[in-house]
């Protein structure tokens, strides 16, 4: 049908995706989608505010910006105007790993350079959307798994600094707040019914905040101030564009495109259609790209599609993309209600850090899980993973290692994700050889599935489907 998602028909799935839902049904479902994904922008704003030492006002403006960008991205993916967006019930969030990379670039070269990196990467996504399958052949599972492990380690390192980020410096009280938060997250995830586990991080933050209130450790930004607020354009000043500084995000974007493939296929299954990946996936990626460009203009990180709401689509049986359009409207409203941002700003940094280290440790474990799909009994795969993780972990565990070098090589060598990707790709090429039927023997290994040359986009989608569908706590995102 005209204007429908790029799919092959499977029953009435595409018609149901276009179905207009009565408000009495749409409203509670839109709220449910919101509750599932809202921890993404909140946790991202926490991390950015703490790691970049932003003022409470700047942190509140950043949270408003992330709510608004999530709303705009969700609307684009739901409506799909001008082939921007999948025209499916998607929601969008700040990418969890992308937040860490934004922080890394900002700490190394300044926030304005991090904003420039987001804008460069957004443009790259627009250009590379039709070509991503060709790029993925250089990033088999052994390289991607190594990169994810390094991203997780870097996130843990950054977030651990929040555990003692108090005005009084390191203290037993800070460690207690962080410890209680971690314990609450773990217990909620292990003991609650499955439908409640997605809220484990928020429940952990609530427990840590409750203890902080009892100890008199909450902030006091709730009183006073305006009722309405709005994001600040270019809060860090004019963007500074540096291709070298942008390398970590550009390399991450390749993996994000592969993940968008899996998300699109899963969403198609949820609404009952067979997705034509060659047409639908570029639309999804263009939605990510345009939203990321807008996010950079308000000082935000790269934005990505989220699979966290797909379970709600399946469970509720309501497949209409107008439900997530309702979620987009709710996100836009939240962006302009200043007391919400001020209330969130009261939460102590050790509580945020305690929740963050659990989520980001999971990212590291996801990298290990991806490496399990690789035959590490092969000398080539083992050496590729070894060299990639070694090159990526060195700047994380020894950040002053390259201080004596000139600025340009220091910037490249000091980025763990960049080094894991570059060394991993080079090691894989050298160890296996491009002439042996591709970078990886027998085709491209993506998400544990070997793909051939006939239909790489569809095969990549199938390979990522299981990984994306079972991903935990993405946005921790954060996703995440």
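Numbering (my numbering), first residue to last: 2 to 481. Using N, Cα and C, we set each Cβ at its ideal position, and we do this for glycine too. Note that the structure is predicted; figures quoted are calculated from it, not measured.
Residue ranges of uninterrupted alpha helix (DSSP H) with 4 or more members, entirely inside the stretch 38-70 and ordered along the chain, are 40-52.
By a beta-carbon distance limit of 8 Å, residue 322 contacts residue 89. Their separation comes to about 6 Å. Bounds of any beta strand (DSSP E) do not take in residue 160; it lies within the alpha helix (DSSP H) bounded by 142-161. Counting along the chain, the unbroken beta strand (DSSP E) around residue 95 starts and ends at 92-95. No residue range can be given for residue 241, since it is assigned to no beta strand (DSSP E) and is classified by DSSP as neither H nor E. Using a Cβ-Cβ distance cut-off of 8 Å, the stretch 111-118 and the stretch 398-413 are not in contact, since fewer than three pairs of beta carbons, one from each stretch, lie closer than that value. In the three-state DSSP reduction, residue 89 falls in the coil class, being neither helix nor strand. DSSP lists no bridge partner for residue 293. Annotation for residue 379: no beta strand (DSSP E) segment contains it, and DSSP assigns it neither H nor E.
When the five nearest sequence neighbours on each side are left out, the beta carbons in the same chain lying within less than 7 Å of the beta carbon of residue 51 are those of 163, 166, 350, 353, in order along the chain. Annotation: the stretch 393-422 contains the following complete segments of the alpha helix (DSSP H) (minimum length 4 residues), in chain order: 408-414. By the Cβ rule, the stretch 289-308 counts as touching the stretch 257-271, because three or more pairs are nearer than 8 Å. The C-alpha of residue 85 is placed about 18 Å away from the C-alpha of residue 324. In terms of Cβ geometry, residue 234 and residue 69 do not form a close pair [threshold 7 Å].
CA-CA distance, residue 60 to residue 300, rounds to 11 Å. Residue 373 is classed as exposed because its beta carbon has fewer than 16 other beta carbons within 10 Å across all chains shown.
Nearest neighbour of residue 347 by Cα position, chosen from 71, 210, 157, 121, turns out to be 210. Beta bridge pairing from DSSP links residue 305 with 94. With fewer than three CB-CB distances shorter than 8 Å, the stretch 177-185 does not count as touching the stretch 416-435. A direct Cα-Cα distance of roughly 10 Å separates residue 381 from residue 430. As computed with DSSP, residue 338 is found in a beta bridge with 229. In this structure the stretch 114-130 touches the stretch 234-243; the number of beta carbon pairs closer than 8 Å is three or more. Collapsing the DSSP output to three states places residue 320 in coil. Per DSSP, residue 84 lies in no alpha helix (DSSP H) segment and is marked neither H nor E.
Residue 433 sits in a helix when the DSSP states are folded into three classes. The beta carbon of residue 47 sits closer than 6 Å to the beta carbons of 353 from its chain, once the five residues preceding and following it are set aside; these are given in chain order.
For the options 330, 154, 307, the alpha carbon positioned closest to that of residue 369 is the one of 154.
Contact check for residue 177 against residue 201 fails: the beta carbons are separated by 7 Å or more. Looking at 419, 405, 371, 366, the one whose alpha-carbon comes closest to that of residue 391 is 419. The beta-carbon distance between residue 103 and residue 302, rounded to whole angstroms, is 4 Å. This is short enough to meet the 8 Å contact definition.
Ranked by Cα distance from residue 54, the options 405, 75, 29, 159 are led by 159.
When rounded, the separation of the alpha-carbon atoms in residue 218 and residue 393 is 37 Å. Around the C-beta of residue 172, fewer than 16 other C-beta atoms lie within 10 Å, and the residue is accordingly described as exposed. Exposure of residue 214 is indicated by the presence of fewer than 16 other C-beta atoms within 10 angstroms of its C-beta. Excluding its 5 nearest sequence neighbours in each direction, residue 375 has C-beta neighbours in its own chain below 6 Å: 142, 143, 382, listed in chain order.
For residue 164, there is no enclosing alpha helix (DSSP H), as DSSP gives it neither H nor E.
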